[in-house]
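Protein chains in written order, with the working numbering: chain A, 1 to 116; chain B, 1 to 294. Backbone N, C-alpha and C fix where the C-beta goes; we use that ideal spot for every residue, glycine too. Below is one structure; the comments refer to it alone.
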């Protein structure tokens, strides 16, 4: 590959990533990291391509081991992201329910005191 | 090592799916369904690669695609068997352990791919850039795998780390890194006599990674892991260059950009206020709003 073309592609993708596509809001930047980890699972594509294009037997076995570890990493990364997003959604629901209940209790208490 | 036209076409659509998914994931309602776009895009590329290899088959029976399917299946099956957190709760320690396992796996992959790259390109005089990529890939792989292993051992209480390295320790670390760089350069410039420098470089890389990982503060583990994810992204970019794959170049750059975002935010894993950290290790909760740095 021409290094200039590769450089342009890298620069464009870096700009895209830095300008906002992966910029999670301040309180959720951990999810951004897990998203990036899930994307890093694309490493398996490189090892698979090496495995499928090689001619030597030993290199084929090494590439197969690399593919195994890459697939394991990619799956773990995605499972972590999925788990985090579900937990985050659940935590948001709990927090909003707590916020809704807290003012109601305060109102009830003040009404009770006025009645006394 | 080019991956051919099929993968490029499929890779284009996969990249399109990823970019759309990144936008859609900013919406909290769409998030649980759109995260599936990432494995779908990845699966699309993998299927495309395997199908194209079946088409390009020259011998009567080529078992490489079958070996690939077996390796992929085993990898996915092993990852699925990892113990998970309870439903709707994710402890911080689970994330640190999970990312450690990812670092170990990705590090081993990069080390093996670096070794393959070295054996393929060490003989060609003109392939200086490819040799350099192979050596850097080897170093990143060994470093990430060792760091991941150290962090995993620390979070499982098999090892205890030190908080702040002394001046002497820091000096020692930088000295080892300088020797690693010199050995790597010797291997790249003089491939004929590169075996001994390369082996020594890898041994020192293990030592350097272990020293650095043990001297990382407990509350900075995920910050250090984010740095390694950035390095893995850089390695994906280099693999994209070697394999002439625009998809890998773009994805690797996105990974680097995402890691930069996290590292710049000083590693505070921001959902931390909702979850406990090391339940058994610390009696008092750590204040993650104050992120000490090395």
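>> Does chain B have any CB closer than 8 Å to the CB of residue 73(A)?
In response: yes
>> Taking CB distances under 8 Å as the criterion, tell me whether residue 100(A) reaches chain B.
In response: no
> In chain C, which residues lie less than 7 Å from residue 237(B) when you measure between Cβ atoms?
Replying inline: Structure shown: chain C not included; protein chains present are A and B.
> Taking Cβ-Cβ distances below 7 Å as the criterion, which residues of the stretch 67-86 of chain B are in contact with chain A?
Replying inline: 67, 68, 71, 72, 74, 75, 76, 78, 79, 80, 82, 84, 85
> Helix, strand or coil: how does DSSP classify residue 17(A) here?
Replying inline: The answer is helix: DSSP assigns residue 17(A) an H, G or I state.
>> Cβ closer than 7 Å: which chain A residues qualify as neighbours of residue 102(B)?
In response: 37, 73, 76, 77
> Between residue 107(B) and residue 171(B), what straight-line distance do the alpha-carbon atoms span, to the nearest angstrom?
Replying inline: CA-to-CA, the gap between residue 107(B) and residue 171(B) works out to about 26 Å.
> With 16 as the cutoff for other CB atoms within 10 Å, does residue 219(B) come out buried or exposed?
Replying inline: buried
>> Using a 10 Å radius around the Cβ and a threshold of 16 neighbouring Cβ atoms, would you call residue 8(A) buried or exposed?
In response: exposed
> When you check each C-beta in the stretch 38-53 of chain A against every C-beta of chain B, which residues fall closer than 9 Å?
Replying inline: 38, 39, 40, 41, 42, 43, 44, 45, 46, 47, 48, 49, 50, 51, 52, 53
> Pick from 209(B), 180(B), 210(B): whose alpha carbon is nearest that of residue 199(B)?
Replying inline: 180(B)
>> Spatial neighbours of residue 113(B) within its chain, please: C-beta separation below 7 Å, excluding the five flanking residues on both sides.
In response: 137, 239
>> Quick check on the DSSP output: the alpha helix (DSSP H) that includes residue 44(B) runs from which residue to which?
In response: 37-55
> If contact means a Cβ-Cβ distance below 8 Å, which residues of the stretch 250-265 of chain B contact chain A?
Replying inline: 250, 251, 252, 253, 254, 255, 256, 257, 258, 259, 260, 261, 262, 265
> Hey, how far is the Cα of residue 11(B) from the Cα of residue 45(B)?
Replying inline: 6 Å
>> Please report the straight-line C-alpha distance between residue 30(A) and residue 160(B), rounded to a whole angstrom.
In response: 25 Å
> Should residue 190(A) be flagged as near chain B, meaning a C-beta pair shorter than 8 Å?
Replying inline: The structure shown has nothing for residue 190(A), since chain A only spans 1 to 116.
>> Please state the DSSP three-state secondary structure of residue 82(A).
In response: helix
>> Is there a C-beta anywhere in chain B that falls below 8 Å from the one on residue 82(A)?
In response: yes
>> With a threshold of 8 Å on Cβ separation, who are the neighbours of residue 43(A) within its own chain once the five nearest residues in sequence on each side are excluded?
In response: 70, 73, 74
>> So with CB distances below 8 Å, who are the chain B contacts of residue 57(A)?
In response: Per Cβ cutoff of 8 Å: no residues; residue 57(A) is ~10 Å from chain B at best.
>> Give me, in chain order, the residues of the same chain whose beta-carbon lies closer than 6 Å to that of residue 216(B); leave out the 5 immediate sequence neighbours on both sides.
In response: 224
> Is there at least one Cβ from chain A nearer than 8 Å to residue 229(B)'s Cβ?
Replying inline: yes
> Does residue 217(B) get closer than 8 Å to chain A when you measure Cβ to Cβ?
Replying inline: With 8 Å as the cut-off, residue 217(B) does not count as an interface residue toward chain A.
> Mind checking residue 12(A): buried by the 16 CB within 10 Å criterion, or exposed?
Replying inline: exposed
> Taking the alpha helix (DSSP H) that residue 91(B) falls in, what are its first and last residues?
Replying inline: Where residue 91(B) is concerned, there is no enclosing alpha helix (DSSP H), given that its DSSP letter is neither H nor E.
>> Less than 8 Å between the beta carbons of residue 187(B) and residue 201(B), yes or no?
In response: Contact: yes.
> Out of curiosity, what's the CA-to-CA distance linking residue 73(B) and residue 99(A)?
Replying inline: 45 Å
> What do you get for residue 45(A), buried or exposed, if any count of 16 or more other CB atoms within 10 angstroms of its CB means buried?
Replying inline: Under this definition residue 45(A) is a buried residue.
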